[in-house]
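Just so you know, we're using this note's numbering here: the sequence shown kicks off at 101 and counts up by one. Don't be surprised by glycine CBs; every beta carbon is placed ideally from N, CA and C. It should be emphasised that the depicted structure is a prediction, and the values quoted were computed from it without experimental measurement. See below for the structure under consideration.
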Amino acid sequence: MNQATQRTIFRWIHTIFAVPILGYIYSPFDKLPSYAFPTRFIFLPVMVVSGLWMWKGHAVRRMLTKKPT
């Protein structure tokens, strides 16, 4: 998979998982308990990991593929 395709996939994942978080922020207060668990433990971590991968993924790939000397 080339870099442009990978960036596009991570951008879409990041965008799609941001929509439920916006719903959590702007939903009525009485609906928050039903959104709390998936937002805290699914949507937010996926957004953080995909954002970090888009930002510093090149450094992580370099560390993982570096040959020991």
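Counting the other CB atoms within 10 Å of its CB gives residue 150 a total of 16 or more, which places it among the buried residues.
One alpha carbon belongs to residue 102, the other to residue 159, and they sit about 16 Å apart. In the three-state scheme derived from DSSP, where H, G and I count as helix and E and B as strand, residue 101 is classed as coil. Using a 10 angstroms sphere on the CB of residue 117, the tally of other CB atoms reaches 16 or more, which defines it as buried.
Pairing residue 137 with residue 128, the inter-Cα distance amounts to about 16 Å.
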